[in-house]
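In this note's numbering, the protein residues as written are 9 to 412. The beta carbon of each residue, even a glycine, is placed where N, CA and C say it ideally should be.
What follows is the structure, encoded as structure tokens:
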């Protein structure tokens, strides 16, 4: 589905995309109208592919339901999770799929402006998506009127200059406004008051790339793929410790073990100690739990997340205490600083694990984790807590070696 054109070696240019049913979904969307689009996406069960897995149609409906006035669509391509390169790949190799999904989403919510926020570290993706926008505008697909007779849609590609936290939707909106990328308190949610106070939908690249298929084949067909409320497919990226690292598109419901051992070939040295799915701010999954189904709900049941889809493995050469220190150093460095638990707590945990933990230090790190979980402003702090809880649950004995 998402990687089919790339597997066939199809170039990223507009002509090749249109020859492969490209923009047919947008054409159908224009013929059917916003409510029909929302109905198909709702039926599909599509959920966000960049974090918490929020139902896409619900987010779109929330923005469309706001009082009359302008609305904005923002494409979140600020992919910052270590080991994840899914958005970069889609923007570089299939940019028109992302643009088509963007146009369909804009039509559904009533947005006439869209911004694609691409992280600065992706220069090729920036160039490719800018070229794709220019192609689509020259062909009359985007611009003053979608396909020449639809509503207008101006798409602007923005080069990100912020931190990891720009991947959080409200911090990203602040960055787009030229302000420091700090997380906003919610409510109001972006769908109510987002960019410059306008109702705004923020969607991940992979989420939007899935939308054209839904409009071409129907929401019911998409809902028939996957498992339960985790419908469709998900692209995952496997890091360099796997025998066969790279990107794989999998159907939701596949056992995680099949991804790790079947697709990834297991680890180069065969000494798997655990995997982190969905970015560093998520729970560790030990080898004995790899038979879990790869779905939003099943992973959440064991303290993990689908997240962005990056799967990072680590082996028995990695001391657990060093892994904790590394993750919390990352968390402290990338914190936006808006809330004290995250700003101070992450740095304090890194400090505690920089030496041997005594009894007082062990108690302090557990108290800090509880504070992060209960009072952090966004998923950055709560994700650190989720990671720490999984360490305590599955690697508690290894932590004993960190004690003085």
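Option nearest residue i by Cα separation, candidates the options
i: residue 86; options: 78, 80, 95 and 361; result: 95
i: residue 285; options: 273, 311 and 274; result: 311
i: residue 199; options: 79, 384, 172 and 169; result: 79
i: residue 217; options: 184, 112 and 234; result: 112
i: residue 97; options: 73, 350 and 14; result: 14
i: residue 102; options: 386, 158 and 133; result: 133
i: residue 75; options: 259, 211 and 206; result: 206
i: residue 338; options: 173, 152 and 69; result: 173
i: residue 243; options: 40, 93 and 16; result: 93
i: residue 91; options: 374, 287, 10 and 346; result: 287
i: residue 301; options: 378, 33 and 261; result: 261
i: residue 332; options: 119, 303 and 391; result: 391
i: residue 89; options: 145, 176, 30 and 233; result: 176
i: residue 373; options: 327, 360, 181 and 44; result: 360
i: residue 190; options: 406, 345, 27 and 17; result: 345
i: residue 350; options: 387, 183, 329 and 325; result: 387
i: residue 237; options: 124, 304, 183 and 100; result: 304
i: residue 188; options: 319, 194 and 178; result: 178
i: residue 423; options: 327, 326, 348 and 357; result: Within the shown structure, residues of the chain are numbered from 9 to 412, placing residue 423 beyond reach of any answer.
i: residue 105; options: 255, 201 and 24; result: 24
i: residue 298; options: 268, 128, 67 and 326; result: 268
i: residue 35; options: 99, 70 and 159; result: 159
i: residue 325; options: 352, 278, 59 and 371; result: 278
i: residue 71; options: 376, 10 and 114; result: 114
i: residue 194; options: 385, 397 and 378; result: 385
i: residue 142; options: 57, 20, 68 and 265; result: 20
Within 8 angstroms, strictly: CB atoms of residue i and residue j
i: residue 109; j: residue 314; result: no
i: residue 65; j: residue 46; result: yes
i: residue 223; j: residue 48; result: yes
i: residue 117; j: residue 209; result: yes
i: residue 126; j: residue 168; result: yes
i: residue 290; j: residue 395; result: yes
i: residue 380; j: residue 239; result: no
i: residue 122; j: residue 83; result: yes
i: residue 354; j: residue 362; result: no
i: residue 407; j: residue 317; result: no
i: residue 272; j: residue 280; result: no
i: residue 293; j: residue 247; result: no
i: residue 259; j: residue 227; result: no
i: residue 249; j: residue 323; result: yes
i: residue 166; j: residue 184; result: yes
Secondary structure of residue i, DSSP reduced to three states
i: residue 233; result: coil
i: residue 144; result: helix
i: residue 354; result: helix
i: residue 310; result: coil
i: residue 397; result: helix
i: residue 324; result: coil
i: residue 250; result: strand
i: residue 1; result: The chain is shown only over 9 to 412; residue 1 falls outside these bounds and no answer can be derived.
i: residue 18; result: coil
i: residue 88; result: coil
i: residue 348; result: helix
i: residue 303; result: coil
i: residue 255; result: strand
i: residue 365; result: strand
i: residue 289; result: coil
i: residue 107; result: helix
i: residue 385; result: coil
i: residue 275; result: strand
Residues bridged to residue i (per DSSP)
i: residue 260; result: According to DSSP, which records beta bridges pairwise, residue 260 is partnered with nothing at all.
i: residue 161; result: 151
i: residue 40; result: Per DSSP, none; premise fails for residue 40.
i: residue 63; result: 55
i: residue 282; result: 322
i: residue 123; result: 82 and 164
i: residue 211; result: 83
Residue burial classification, residue i (beta-carbon count within 10 angstroms, cutoff 16)
i: residue 309; result: exposed
i: residue 164; result: exposed
i: residue 148; result: exposed
i: residue 282; result: buried
i: residue 43; result: exposed
i: residue 39; result: exposed
i: residue 306; result: buried
i: residue 220; result: buried
i: residue 402; result: buried
i: residue 348; result: exposed
i: residue 252; result: exposed
i: residue 129; result: exposed
i: residue 146; result: exposed
i: residue 369; result: buried
i: residue 31; result: buried
i: residue 77; result: exposed
i: residue 170; result: buried
Heavy atom of the ligand GTP within 7 angstroms of residue i beta-carbon
i: residue 242; result: This structure lacks the ligand GTP, and indeed carries no ligand of any kind.
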